[in-house]
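These protein sequences, in sequence, are chains A and B. The opening position of the first sequence corresponds to residue 1 in the working numbering, with each subsequent residue numbered one higher. The opening position of the second sequence corresponds to residue 1001 in the working numbering, with each subsequent residue numbered one higher. Glycine included, each C-beta is placed from N, C-alpha and C at the ideal position.
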Amino acid sequence: MTGTLSRRALVRSGLASLVAAPWAGRWGSVAVPGRGGGWGAQDEPIVLGTSAAFSGPSRALGTELYRGAWAFFSHLNENGGVNGRPIALRLYDDGYQPDPCVENTIRLIRDPAVFLLFGYVGTPTVTRVLPLLKKFRDERVYLFFPFTGAEPQREPPYGEFAFNLRASYRQETAGLVDNLVRIGRRRIAVFYQNDAYGRSGWAGVREALARHGATIVGEATYTRGTQFGASMRRQVEILGARQPDAVICIGAYAACAAFARDAVDLGLHIPVANVSFVGSENLLGLLQKGREDPNSHTRFLVNSQVVPSYEDTSLAGVREYHELMAVHNPSPPEDVERISPGEPYEPLAQSFVSLEGFLNARLIAEIIRRMGDAPSRSRLEEAVFAVRDYDLGIGERVSFGPDRRQGMQRVHYTVVEGDRFVPLRDWGQRFG
Amino acid sequence: MRKVKVHKLFRKTRFFFFALFGLIVLSVSLLSIVTVSRELSDEYESNSRAIAENIANSSVDILLNRNLATLQSLIDQFVEVQSIRYIYITSDTGEYLAHTFVPGIPDAILASDPFSTETVQRSLPGLGDFVEVGSPILSGAAGTVHVGMDLELLGLKIQRAIGQQLALLGIIFVIGSLLTFWFVNMAARPLADLLVFAAKVAGGARPGEDEPIAMRDDEAGELARLFLHVARRGGGGSRE
């Protein structure tokens, strides 16, 4: 079965970022699965479908993840693509809201050109999409490398429909708890986004503390979508009343920055930890912008990361990331219909989020490459499981298998020095 | 013919009709307030209980798999339903596993029995008044679901429903009163004409039998003809 989509339809739905590619003239049609058992015609792009936050308070996450991925795909496409075929992205904005994400995913699944789902952002969105993947299980639609460390896409009954690259929130929170307990900070409170993401992190902290014979001493929540301008006084008061030794935040950058600001302003001078999803650079930008002492509100921050520091250019993968980000410097996607149009987004030169997007893109390209000239959904799982000890150039080798649907396991810890997050070498010296 | 209004004779009739209508409207209103209020409250509670049971049934596997993110996602979907204001799930040990409170779980709830499934009314400072129902998960072996419905919203719903009924009754009352007034006036008009006719006869005038009132075929017409007959007889009997 072969069919076509019009150029206009493709451009409208987000393929415009491929303008510089030598295949630009061939977009008039995109073949659909079936020819020779592979996906699409040999000279057509391989289309990856994405629903992510390109608007709203978490737009930096979706945008930076896309930029990192697109830096690699641009380079790849300029150099012949994967087995001679370019990679294209079909982008939809969900504003980090579950319902639009579900609608976008249905559109992407029903779109005959889309080969797989790639680079989704967020737990509340992804957890709502997982049942869809089960519903359309006969279509063999897989979700690759979502930007979330939650458990639902790593465990039954939905784990079989997703592949993860990054470490989980359970691993991130366990690392944070273990290190804090090791330096004598056992009274740990949690500040979290009141949704599936926050609950996932809360559960991770609870589980990690239980291994040390402790419990969460206090908890406070905020509503998803809260802006930096909002007051977190009540949340600081609720947690402060429990006299914690540290607070672990499971949230997005705007609300977590607001909490860190108000915690310092109200005299809660204890380590405030964030997990990787927070978007460290955006958090830092909000906390330092316009302050006389830019470090006044960042001294107590410690953020866990699932990729190494982008400052660590001793790593080949990081050097390549720097190089390709500098060469291609992808703009935020322009042809995506945004749910809540706001001010234009100012991209970051480098960030942990875009580095993660870059690594996601490198790995998915490698997986598709391994399927040869006739990539097909039915062979995707096999191709992923064949990835063993693959070197992404970041000091950790990636492996997958039937019982291992998460490629990387390592968690890195960073603190603020000057205007950037740098690796934390000694917990005791910093927070002991 | 001069117009005469008959007021005194029908004053009581009108008053009676107004009073009767008023009584009907008042009693129907009271009945509807009680009925609507009770039925909506019952429906509210039964909906809350159905939702709590639904969550309890859906969350068994999720809880047994310790998948709290999915559990949170599940209750977040329900809390988007109009009038549900909060949901929380407690474990078999009474731990709060998932909830929808911001900025935190209220003290009144933390102090309450986490295993209770009784319907209770709660007043939570800063949040409002709620009716809370509970439903056990796996007969309580896996935990308990608690659903809080907004009483203020329920009150608004009841007010709206009663308001609509009262508005309808008010319209019926006004139309009924106007119609009563109109019918009584219509019934009184022949009597007024008869009064004018009788006064004319008593004044010595000798109206003919072709007067409109004397031509009526009802009691007023008969009385008019009788007055005319008596007046003619009393006038000397020359005609006899």
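Within chain B, the residues Ser1073, Asp1076 have their CB atoms less than 8 Å from the CB of A/Pro124, given in chain order.
With respect to the 8 Å criterion, A/Tyr413 and A/Val302 are classified as neighbours on the basis of their beta carbons. Residues of the stretch 279-302 of chain A that bring their beta carbon within less than 9 Å of a beta carbon in chain B are absent altogether. Judged by DSSP in its simplified three-state form, B/Arg1049 adopts helix.
When the five nearest sequence neighbours on each side are left out, the beta carbons in the same chain lying within less than 7 Å of the beta carbon of A/Leu315 are those of Pro308, Gly393, Ile394, Gly395, in order along the chain.
Contact residues of the stretch 125-146 of chain A toward chain B are Thr127, Arg128, Leu130 (C-beta to C-beta distance below 9 Å). Bounds of the beta strand (DSSP E) holding B/Gln1121 are 1120-1124.
Within the stretch 177-209 of chain A, the residues whose Cβ lies closer than 8 Å to any Cβ of chain B are, in chain order, Asn194, Asp195, Ala196, Tyr197, Gly198, Arg199, Ser200, Trp202, Ala203. Taking a cut-off of 8 Å on C-beta distances, the stretch 1051-1061 of chain B does not touch the stretch 1119-1127 of chain B, as fewer than three cross pairs fall below it. For B/Ser1073, the number of other beta carbons within 10 angstroms of its own is at least 16, and it is reported as buried. Rounded to the nearest angstrom, the gap between the Cα atoms of A/Phe145 and A/Phe118 is 6 Å.
Chain-ordered, the chain A residues with CB closer than 9 Å to the CB of B/Leu1068 read Glu151, Ala196, Arg199, Ser200, Trp202, Ala203, Arg206.
Taking C-beta atoms as the reference points, A/Arg379 and A/Ala162 fail to come closer than 8 Å. The Cβ neighbour count for B/Gly1234, taken over all protein chains shown within 10 Å, is under 16; the residue is labelled exposed. At least 8 Å separates the CB of B/Asn1057 from every CB of chain A.
Under the three-pair Cβ rule at 8 Å, the stretch 264-279 of chain A does not count as touching the stretch 213-220 of chain A. Counting only runs of at least 3 residues, the stretch 84-138 of chain A fully encloses the following beta strand (DSSP E) elements, listed from N- to C-terminal order: 87-93, 114-118.
Within the same chain, Ser276, Phe352, His412, Thr414 come within 6 Å of A/Gln305 by CB-CB distance, once the 5 residues on both sides are set aside. Exclusion of the five residues before and after A/Ser231 leaves Ala258, Asp262 as the residues of its chain whose Cβ lies within less than 8 Å of its Cβ. For the stretch 1031-1056 of chain B, no residue has a beta-carbon sitting nearer than 7 Å to a beta-carbon of chain A.
Scanning A/Val114, A/Ser296, A/Tyr158 for the CA closest to the CA of A/Glu417 turns up A/Ser296. From the listed residues B/Ile1171, B/Val1133, B/Gly1140, B/Ile1062, the smallest Cα separation to B/Ser1048 is found for B/Val1133. For B/Thr1180, the three-state secondary structure derived from DSSP is helix. Between A/Pro341 and the set A/Val387, A/Asp94, A/Glu64, A/Ser74, the nearest pair of CA atoms involves A/Asp94.
Secondary structure at A/Ser340: coil, using DSSP grouped into helix, strand and coil.
Counting only Cβ-Cβ distances below 8 Å, B/Val1102 has contacts in chain A at Asn194, Thr221, Tyr222, Thr223, in chain order. DSSP places B/Gly1143 in the strand class (E or B) of the three-state scheme.
Per DSSP, the unbroken beta strand (DSSP E) holding A/Ala220 starts and ends at 218-222. B/Val1034 sits exposed, since fewer than 16 C-beta atoms from the chains shown fall within 10 Å of its C-beta. The CB of B/Ala1098 comes closer than 8 Å to the CB of Arg199 in chain A, given here in chain order. DSSP places B/Arg1085 inside the beta strand (DSSP E), whose first and last residues are 1084-1090.
By the Cβ neighbour-count rule, A/Lys134 is exposed, with fewer than 16 other Cβ atoms within 10 Å of its own. Note on A/Gly80: under 16 other CB atoms within 10 angstroms of its CB, so exposed under the neighbour-count rule. A/Glu417 has A/Arg420 as its beta-bridge partners, per DSSP. Here the C-alpha atom of B/Leu1194 lies approximately 8 Å from the C-alpha atom of B/Gly1221.
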